[in-house]
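Novice:
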Amino acid sequence: MERLREVPKVKIEKNAPGNTIELDFGRLVNNVWGAPPEEVLTTSIFQNENGNVGWSWDRPNPQLKPGQTLAQPVYPCVRIGGNPWEKSKSPLFPFQWGEVQSLKLEISYDYTRLPTGACDLAYDIFFIDSQQPGPNVQRKAEVMVWLNGTQKQPPSSYQGDYSDDINSYSLYSRVLSDGRLYAAFIQKGTPQYPAHHVVDAAKLMGYLKLDSRWYVPGIELGNEVWKGAGEILISQISVNLNGKAIGL
147 MERLREVPKV KIEKNAPGNT IELDFGRLVN NVWGAPPEEV LTTSIFQNEN
197 GNVGWSWDRP NPQLKPGQTL AQPVYPCVRI GGNPWEKSKS PLFPFQWGEV
247 QSLKLEISYD YTRLPTGACD LAYDIFFIDS QQPGPNVQRK AEVMVWLNGT
297 QKQPPSSYQG DYSDDINSYS LYSRVLSDGR LYAAFIQKGT PQYPAHHVVD
347 AAKLMGYLKL DSRWYVPGIE LGNEVWKGAG EILISQISVN LNGKAIGL
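Numbering of the sequence shown is given in my numbering, commencing with residue 147 and proceeding in unit increments.
1. Could you compute how far the alpha carbon of GLY227 sits from the alpha carbon of GLN218?
2. Cα separation between PRO154 and SER384?
3. Going by DSSP in three states, TYR231 sits in which element: helix, strand or coil?
4. Just list the residues that DSSP pairs ASP346 with in beta bridges.
5. Going by DSSP in three states, GLY325 sits in which element: helix, strand or coil?
6. Check whether the region 265–274 touches the region 301–316, taking contact to mean three or more Cβ pairs, one atom from each stretch, closer than 8 Å.
7. For the beta strand (DSSP E) containing THR188, list its first residue and its last residue.
8. Can you check which of these residues, HIS342, SER202, VAL362, is closest to ALA348 by C-alpha distance?
9. So who's on the other strand from PRO197, going by DSSP bridges?
10. How long is the line joining the alpha carbons of GLU437 and THR262, rounded to whole angstroms?
11. Look at ILE380 and TYR221 and say whether their C-beta atoms are less than 8 Å apart.
12. Give the straight-line distance between the Cα atoms of ILE253 and PHE241, rounded to the nearest whole angstrom.
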């Protein structure tokens, strides 16, 4: 049975691609990059009076962007640091991969409306060739860590099962058309909600051939949505880099 409950929101952005809510530790981003302008869908980002954050989505009929043969996801998310095109507000980012001694990601959340359709809840981490994000940087790799999801990866990209000594993951990886490595660690097991997860990202990424000279501009956590509806409420999220933590 789908669980519904009222969530008192003090900030809401609806149907506003690219709109953000600024947070002390980062920002919420209403990212609908995968939907063409004519597609009818609803996405919201919010922060409650107690500081908890989240987003909701309803994407009933995904449409193709020009030149695509498959629907691309939207990705409402919380961003800690920057991204390949946006500078970070946090002193932790960007950092060079070779400087990482430890990198742990932690989150507590619940689905206030259980998701339907094809989606995931995933961290997204880009590796770029420059310390300064901008329009000309090259994305060398994109690594995702799926905490849960119903969307499938191409079976041919399966590389095996790996552990961060906390949970086990199936690794899928391939080289994309733009030349960057794409890797997704998909957590194994049946998800339970409410949920609390700790990810040893340094351990997982140690299984990949990542250049120590590459930079990480930031880390995002969001729901990739190909089709369906849902709502998430996050009560805690943090990134701990070399013993220094930032987050909610």
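Using N, Cα and C, we set each Cβ at its ideal position, and we do this for glycine too. These numbers come from a predicted model, not from an experiment.
Specialist: The relevant details are as follows:
1. 24 Å
2. Bear in mind that the predicted position of PRO154 carries a pLDDT of just 37, short of 50, making it unreliable; the figure below should be weighed with that in mind. The straight-line gap from Cα to Cα measures roughly 23 Å.
3. The question names Tyr, but residue 231 in the sequence shown is Trp. Reduced to three states, the DSSP call for TRP231 is coil.
4. LYS250
5. coil
6. no
7. 188–194
8. VAL362
9. In the sequence under discussion, the amino acid at residue 197 is Gly, which differs from the Pro named in the question. In the DSSP output, where bridge partners are listed per residue, GLY197 has none listed.
10. Given that the chain is displayed from residue 147 to residue 394, the structure contains no residue 437 and the question cannot be resolved.
11. no
12. 21 Å
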